[in-house]
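Enquirer: Reading the sequence shown from the start, the letters are residues 21 to 599 in this note's numbering. Note that beta-carbon positions come from the ideal geometry of N, C-alpha and C, so glycine has one too. If you're wondering where the values come from, they're calculated on a predicted model, not measured in any experiment.
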Amino acid sequence: MADNTRAVTGAVLSTREEELRERAVGLLTQVEGIARAFPGADNVEEDLRLLRQARQQLETLFLLVIVGEFNSGKSAFTNALVGEPIMPEGVTPTTSMIHLLVYGEPGPDETTSDGVIVHKHPAPFLREINVVDTPGTNAILREHEAISQRFVPRSDLVLFVTSADRPFSESERAFLEEIRNWGKKIVVVLNKIDLLENDAQLNEVITFISGNASRLLGIEPLIFPISAKLAERGDPAGRFDALRAYILETLDQEERIRLKLLNPLGVADRLLARYTGTVDERLSLLERDAATIAQIETHISDYENEMRREFASYITRVENIVHRLNERADRFFDEYIRIGRVFDLIRSENTREAFERDVVAGTERQIDDTINELIDWMVAQDLRVWQTVTDTLDRRALERYRDDMIGQVGSRFATDRQTLITQVAREAEGVVDRYDQRAEAALLATNVRSAVAQTALAQAGAVSLGAIVVATATTAAVDVTGILAAATIAGLGLFILPARRRSARAELRRKSAELERQLTDVLRDGFETELARSVRRIRDAISPYTRFVTSERTRLEGVRETIGQANAANRDLRAEVNR
Ligand SMILES: Nc1nc2c(ncn2[C@@H]2O[C@H](COP(=O)(O)OP(=O)(O)OP(=O)(O)O)[C@@H](O)[C@H]2O)c(=O)[nH]1
Ligand SMILES: [Mg+2]
Numbered sequence: 021m022a023d024n025t026r027a028v029t030g031a032v033l034s035t036r037e038e039e040l041r042e043r044a045v046g047l048l049t050q051v052e053g054i055a056r057a058f059p060g061a062d063n064v065e066e067d068l069r070l071l072r073q074a075r076q077q078l079e080t081l082f083l084l085v086i087v088g089e090f091n092s093g094k095s096a097f098t099n100a101l102v103g104e105p106i107m108p109e110g111v112t113p114t115t116s117m118i119h120l121l122v123y124g125e126p127g128p129d130e131t132t133s134d135g136v137i138v139h140k141h142p143a144p145f146l147r148e149i150n151v152v153d154t155p156g157t158n159a160i161l162r163e164h165e166a167i168s169q170r171f172v173p174r175s176d177l178v179l180f181v182t183s184a185d186r187p188f189s190e191s192e193r194a195f196l197e198e199i200r201n202w203g204k205k206i207v208v209v210l211n212k213i214d215l216l217e218n219d220a221q222l223n224e225v226i227t228f229i230s231g232n233a234s235r236l237l238g239i240e241p242l243i244f245p246i247s248a249k250l251a252e253r254g255d256p257a258g259r260f261d262a263l264r265a266y267i268l269e270t271l272d273q274e275e276r277i278r279l280k281l282l283n284p285l286g287v288a289d290r291l292l293a294r295y296t297g298t299v300d301e302r303l304s305l306l307e308r309d310a311a312t313i314a315q316i317e318t319h320i321s322d323y324e325n326e327m328r329r330e331f332a333s334y335i336t337r338v339e340n341i342v343h344r345l346n347e348r349a350d351r352f353f354d355e356y357i358r359i360g361r362v363f364d365l366i367r368s369e370n371t372r373e374a375f376e377r378d379v380v381a382g383t384e385r386q387i388d389d390t391i392n393e394l395i396d397w398m399v400a401q402d403l404r405v406w407q408t409v410t411d412t413l414d415r416r417a418l419e420r421y422r423d424d425m426i427g428q429v430g431s432r433f434a435t436d437r438q439t440l441i442t443q444v445a446r447e448a449e450g451v452v453d454r455y456d457q458r459a460e461a462a463l464l465a466t467n468v469r470s471a472v473a474q475t476a477l478a479q480a481g482a483v484s485l486g487a488i489v490v491a492t493a494t495t496a497a498v499d500v501t502g503i504l505a506a507a508t509i510a511g512l513g514l515f516i517l518p519a520r521r522r523s524a525r526a527e528l529r530r531k532s533a534e535l536e537r538q539l540t541d542v543l544r545d546g547f548e549t550e551l552a553r554s555v556r557r558i559r560d561a562i563s564p565y566t567r568f569v570t571s572e573r574t575r576l577e578g579v580r581e582t583i584g585q586a587n588a589a590n591r592d593l594r595a596e597v598n599r
């Protein structure tokens, strides 16, 4: 052919085949990237090995792999196929390693790094096809089966050898299922037909095999009845010709290349299906984590709402106290700023004493008690929300067993995640255990005080909010009365007193309203700052968990998308190869 470009797989590929081969390599690279997105997961190393092999497999001769239960006659069949007694046969489990038969001058057997024994032989059959004889399945020697299992993904075509005296056993069904899951084409070799008495028995066995294959595995494989033993002796009763013709002629050059190109697609398919499962499992786990975090957020916003609602009632209480103070001050002026009291007014000491007795009264205590009550209540709420958060996290941490039962989530991811939740839960628990309500209240009081100290309300020497309020109110009163005493009365005379009283009251009312407003502002600011600090502390404590859930979800959504693209590429390529 004119467009032949490159010699691989023992054949010369057409441009189209070469292009498909390159696309298959591209797909394998893509799947490799996906595998690497699961660092530490159980199968990743093995998967990367498989993908490397699938890529190498595209460069080698067509690989025919003989599998089946121990003693079914795989080695005898291999010998008959190649036409040389290369493989030892035996009644007990005989073949214990993978044997690769390739064309070449015989020399000492080589063993590859992955434990495959390579035999070179100049048998004509091997010019176009490499043959692999495998250890039997279902032997008492379990590692034999594992070795063969691991090799299956490399095959371009699987010949499944079953023995006429025990066809289609349960272990054969299981092994066939494995092969099918790699997307392999399976051909059944029914061996030892010389043990059957007649054609009726043979037909019975064939019907039994094909019935079970389609019922249990959904496949309809070609079945070639043979006797390897007779074939080895060159006896036509071994019925080897049909099988040989199938392998060499039906599976012509083009068909072999097609099967070879399908090989990596089957591997990609299976790995992608598994990764899809892993991603889905992880995402559903993370979804429940996100629900837990959302639940905590709900607790936090409930807490904030409850705090603000309740705080408003405390504000009202403080406002009422100040309001009553102002009312008393108002009455005080009504009573004191009159001509009959002029001597008291002139001696401002007396006025101050009277003011403190009649107006201020227990205001300082009342305010301070209310503020302390507010602080205690805030501290109790803070502790309560911590307990709720701890409970929520603990419940999630305990759901581990249920989650684990759902499936293999991939060991490192699962343990990382579990460690994180447990850690965060422990930390929250630690906060609850060590919670010192008195110390928290003292801290809160200090914070409120220092917030007040930075405002216009600040009064030198006043340590509590109550003291500040009282000092402010008194100062205002003294200011007002002071004007009267020092300047007005002496300078302008008594006749203007009623007018001054009006303006003094107005001035005091203005100052009182200002005081009330400032006080509310200060309290609200202090409260909001403390509430924000409390909420931030909770969010900080759970943030490692929140960050993990958010970043893993984003990452896995990305991986899921990449898997989707790889699946689509795989489907397209398969359709193209099968065209
Ligand atoms: N009657 C009969 N015996 C056969 C036939 N093919 C193989 N045998 C015998 O069955 C036994 C097992 O043959 P092997 O070729 O070693 O079987 P195997 O599947 O390679 O076995 P393991 O390597 O142990 O998995 C030997 O004694 C063979 O002589 C056959 O067509 N007819
Ligand atoms: Mg053998």
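Restricting to Cα atoms, I'd like to know which of Val225, Leu215, Ser168 is closest to glutamate 198.
Expert: For this step, residue 198 is matched to residue 178 along the sequence shown. Comparing Cα-Cα distances from glutamate 198 to each of Val225, Leu215, Ser168, the minimum goes to Ser168.
Enquirer: Based on the DSSP output, what are the partners of threonine 157 in its beta bridges?
Expert: Taking the sequence shown and counting its residues from 1, the one referred to as residue 157 is at position 137. Paired residues: Glu89.
Enquirer: Who are the near neighbours of methionine 117 in its chain, counting only those whose CB is closer than 7 Å to its CB and skipping five residues on each side?
Expert: For the purposes of this step, residue 117 is taken as residue 97 along the sequence shown, with counting starting at 1. Closer than 7 Å at the Cβ level, and outside the excluded window around methionine 117, lie Gly135, Ile137, Pro155, Ile167.
Enquirer: Between glutamate 252 and asparagine 91, which are expected to be in contact by the criterion C-beta below 8 Å, what is the C-beta distance as a whole number of angstroms?
Expert: Mapped onto the sequence shown, residue 252 falls at position 232. Mapped onto the sequence shown, residue 91 falls at position 71. In fact, because the Cβ distance is near 16 Å, the residues do not count as touching under 8 Å.
Enquirer: From the DSSP output, which residues share a beta bridge with lysine 140?
Expert: As a working note, residue 140 is residue 120 in the sequence shown. Per DSSP, Val122.
Enquirer: For aspartate 214 versus serine 183, is the C-beta distance shorter than 8 Å?
Expert: Here residue 214 refers to the residue found at position 194 when the sequence shown is read from its first residue. Here residue 183 refers to the residue found at position 163 when the sequence shown is read from its first residue. No, the Cβ-Cβ distance between aspartate 214 and serine 183 is not below 8 Å.
Enquirer: With respect to 7 Å, is the separation between the Cβ of alanine 248 and the closest non-hydrogen atom of ligand 1 below this value?
Expert: Residue 248 sits at position 228 when you count from the first residue of the sequence shown. Under cutoff, so the answer is yes.
Enquirer: Taking 7 Å as the cut-off, does the CB of phenylalanine 90 come closer than this to any heavy atom belonging to ligand 1?
Expert: As a working mapping, residue 90 is identified with position 70 in the sequence shown. Flag set: Cβ of phenylalanine 90 near ligand 1.
Enquirer: Any chance the region 468-477 sits against the region 409-418, with 3 or more Cβ pairs inside 8 Å?
Expert: No, the region 468-477 is not in contact with the region 409-418.
Enquirer: Glycine 88: which of Leu81, Thr80, Phe97 sits nearest, CA to CA?
Expert: In the sequence shown, residue 88 corresponds to position 68, counting from 1. If we check each option's Cα against that of glycine 88, Phe97 comes out closest.
Enquirer: Beta carbon of glycine 156: closer than 7 Å to some heavy atom of ligand 2?
Expert: Residue mapping note: residue 156 aligns to position 136 of the sequence shown, counting from 1. Yes, Cβ of glycine 156 sits closer than 7 Å to a heavy atom of ligand 2.
Enquirer: With 16 as the cutoff for other CB atoms within 10 Å, does glycine 486 come out buried or exposed?
Expert: Your numbering for residue 486 matches position 466 in the sequence shown. With 16 or more other Cβ atoms within 10 Å, it is buried.
Enquirer: Is glycine 578 near ligand 1 - that is, is its Cβ less than 7 Å away from at least one heavy atom of it?
Expert: In the sequence shown, residue 578 corresponds to position 558, counting from 1. Short note on glycine 578: C-beta not closer than 7 Å to any heavy atom of ligand 1.
Enquirer: Is the number of C-beta pairs between the region 293-306 and the region 265-273 that are closer than 8 Å three or more?
Expert: They do not touch, by the three-pair rule.
Enquirer: Since serine 183 sits in a beta bridge, which residues does DSSP pair it with?
Expert: By 1-based counting over the sequence shown, the position of residue 183 is 163. Paired residues: Asn211.
Enquirer: Assign proline 245 to one of three DSSP states: helix, strand, or coil.
Expert: Numbered from its first residue, the sequence shown carries residue 245 at position 225. Correct three-state label for proline 245: strand.
Enquirer: Quick check: is any heavy atom of ligand 1 less than 7 Å from the C-beta of serine 571?
Expert: Within the sequence shown, the letter at position 551 stands for residue 571. No, the Cβ of serine 571 stays beyond 7 Å of every heavy atom of ligand 1.
Enquirer: Taking isoleucine 239 and isoleucine 206 to be in contact with their CB atoms under 8 Å, please state how far apart those CB atoms are, rounded to whole angstroms.
Expert: Counting from 1 along the sequence shown, the entry for residue 239 is found at position 219. Counting from 1 along the sequence shown, the entry for residue 206 is found at position 186. Going by Cβ atoms, the distance from isoleucine 239 to isoleucine 206 rounds to 6 Å, so yes, they are a contact pair.
Enquirer: Is valine 28 helix, strand or coil by DSSP?
Expert: Within the sequence shown, the letter at position 8 stands for residue 28. Only weak support exists for where valine 28 lies, its pLDDT of 41 falling under 50; the value from the coordinates is given anyway. It is a strand residue.
Enquirer: Take the Cβ of glutamate 39 as the centre, count every other Cβ of all protein chains shown within 10 Å, and call the residue buried at 16 or more, exposed below.
Expert: In the sequence shown, residue 39 corresponds to position 19, counting from 1. Answer is exposed; the Cβ neighbour count stays below 16.
Enquirer: Whose C-beta lies closer than 7 Å to the C-beta of histidine 119 among residues of the same chain, with five residues either side of it excluded?
Expert: Counting from one through the sequence shown, the residue named residue 119 turns up at place 99. Cβ neighbours of histidine 119 within its own chain (closer than 7 Å, five residues either side excluded): Met107, Ile137, His139, Val152, Asp153.
Enquirer: Where lysine 204 and glutamine 315 are concerned, what is the direct C-alpha to C-alpha distance, given to the nearest angstrom?
Expert: Within the sequence shown, numbered from 1, the residue matching residue 204 stands at position 184. Within the sequence shown, numbered from 1, the residue matching residue 315 stands at position 295. Their Cα atoms are separated by approximately 48 Å.
Enquirer: Is threonine 114 near ligand 2, in the sense that its beta carbon is under 7 Å from a heavy atom of that ligand?
Expert: The residue given as residue 114 occupies position 94 in the sequence shown. It does: the Cβ of threonine 114 is within 7 Å (strictly closer) of some heavy atom of ligand 2.
Enquirer: Residues in the same chain with beta-carbon distance under 8 Å from proline 113, minus the five sequence neighbours each way, listed in chain order, please.
Expert: Taking the sequence shown and counting its residues from 1, one reaches residue 113 at position 93. So the qualifying residues of the chain are Phe90, Asn91, Pro155, Gly156, Ala159, Ile160, Leu161, His164.
Enquirer: So does glutamate 301 have its beta carbon nearer than 7 Å to some heavy atom of ligand 1?
Expert: Within the sequence shown, numbered from 1, the residue matching residue 301 stands at position 281. Flag unset: Cβ of glutamate 301 not near ligand 1.
Enquirer: What number of angstroms, rounded off, separates the C-alpha of glutamine 386 from the C-alpha of valine 379?
Expert: As a first step, residue 386 is located in the sequence shown; it is residue number 366 there, counting from the start. As a first step, residue 379 is located in the sequence shown; it is residue number 359 there, counting from the start. Computed Cα separation, rounded: 13 Å.
Enquirer: Could you tell me if the beta carbon of alanine 96 falls within a distance shorter than 7 Å of some heavy atom in ligand 1?
Expert: Counting from 1 along the sequence shown, the entry for residue 96 is found at position 76. Alanine 96: yes, Cβ under 7 Å from ligand 1.
Enquirer: DSSP state of asparagine 63, grouped into three classes?
Expert: The sequence position of residue 63 within the sequence shown is 43, counting from 1. If DSSP states are grouped into helix, strand and coil, asparagine 63 belongs with coil.
Enquirer: Please report the distance separating the alpha-carbon of glutamine 438 from that of glutamate 109.
Expert: One-based indexing of the sequence shown puts residue 438 at position 418. One-based indexing of the sequence shown puts residue 109 at position 89. Cα to Cα, glutamine 438 sits roughly 52 Å from glutamate 109.
Enquirer: With 16 as the cutoff for other CB atoms within 10 Å, does serine 470 come out buried or exposed?
Expert: Against the sequence shown, residue 470 aligns to sequence position 450. Label assigned to serine 470: exposed.
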